[in-house]
Structures are given as C-alpha cells and as structure tokens.
Amino acid sequence: MKVNCESVRNGTFHVYTPNGQHYLVIRKDTAQSEVNLTTGDTSYFGIKWISNCDFTAQYISGGRMESKEQEDFFKKMVAQFSINKVTPLYYIFTGTVKTFKSNTTYTDTTWIKEK
Numbered sequence: 299m300k301v302n303c304e305s306v307r308n309g310t311f312h313v314y315t316p317n318g319q320h321y322l323v324i325r326k327d328t329a330q331s332e333v334n335l336t337t338g339d340t341s342y343f344g345i346k347w348i349s350n351c352d353f354t355a356q357y358i359s360g361g362r363m364e365s366k367e368q369e370d371f372f373k374k375m376v377a378q379f380s381i382n383k384v385t386p387l388y389y390i391f392t393g394t395v396k397t398f399k400s401n402t403t404y405t406d407t408t409w410i411k412e413k
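Sequential numbering from 299 applies to the sequence shown in the working numbering.
What follows is the structure, encoded as structure tokens:
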C-alpha cells in the first residue's frame with residue numbers, strides 16, 4: 299500500500315521522548331524548527347525531500363551546545379527519515395542518523411495532534 303505523505307510535508311507536529319521531553323516540530327517543506335517545550339530551546343534544520351515520503355534533515359543552528367566541537371559535530375551529521383504510515387492523529391517513521399563513526403536506526407511516532 300502506497301503512503302501519501304503530502305499532509306506531513308508542512309505543519310506542526312509533536313514528538314515525545316522516552317525521558318519525558320515534549321518537542322514542537324514546525325515544518326515548512328524545506329525548513330524545520332524543533333522547540334523543546336520543557337526548556338524553550340529551539341534548533342533549526344534544513345530539510346531535503348528525496349521522494350514523497352523520504353527526506354534528510356541537516357542541523358543548521360540553535361540548541362544548547364556544550365562546545366564549538368559539539369556544534370561542528372551536529373553540523374556534519376545527517377539524519378535520513380522514511381515515513382512508513384500516516385494517520386489523522388500521527389505518522390510513523392524510521393530514522394537513520396549517520397555520523398563519521400556509525401549509523402543508528404530507529405522507528406518512532408510523530409503526533410499530528412498533541413497527546
């Protein structure tokens with residue numbers, strides 16, 4: 299079954315982490331900001347759509363970095379996402395974070411409506 303991802307290329311979404319953080323994600327096609335609603339910290343990413351449901355995210359700026367080296371590391375890191383399923387309440391994605399040392403792949407849920 300083909301997934302239609304047009305409805306999640308733009309919009310406001312919610313991500314909840316296992317440690318209780320709540321992020322507000324604001325995506326406008328090729329730009330994305332992520333606001334940590336606990337700390338108020340905001341990070342900015344460039345988005346490149348590879349296909350209807352696949353995109354990469356590249357860190358641009360923001361977020362609390364411990365050092366210049368940490369910021370440089372994030373700027374070199376690329377995350378690739380594949381959206382697997384879209385419903386009226388959420389979408390499920392698989393993400394791969396690629397660094398110079400390794401790749402980490404995970405599957406998670408992004409909520410279209412706040413939980």
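Glycine included, every Cβ here is placed at the ideal spot set by N, Cα and C.
In this structure, 357 is the residue among 392, 388, 357 with its C-alpha nearest to the C-alpha of residue 376.
Each residue's CA atom was taken as its position, placing residue 336 and residue 314 some 11 Å apart. Sixteen is the threshold: since fewer than 16 other Cβ atoms of the shown chains lie within 10 Å of the Cβ of residue 348, the residue is exposed.
Between the beta-carbon of residue 321 and that of residue 333 there is about 7 Å, and that keeps the pair under the 8 Å contact cut. Close CB contacts of residue 401 within its chain, under the 8 Å cut and outside five residues either way in sequence, are with 394, 395 (chain order).
Straight-line measurement puts the Cα of residue 389 at about 17 Å from the Cα of residue 345. Its chain contains 311, 313, 389 as the residues whose beta carbon lies nearer than 6 Å to that of residue 408, once the 5 sequence neighbours on both sides are disregarded; these appear in chain order. Non-local C-beta neighbours of residue 373 in its own chain, meaning closer than 7 Å and more than five positions away in sequence, comprise 357, ordered along the chain. Taken in chain order, the complete alpha helix (DSSP H) segments of 4 residues or longer contained in the segment 341-391 are 366-374.
Sequence-distant partners of residue 381 (beyond 5 residues in either direction) whose C-beta falls short of 7 Å from its own C-beta, in its chain, are 301, 303, 306, 351, 389, 391.
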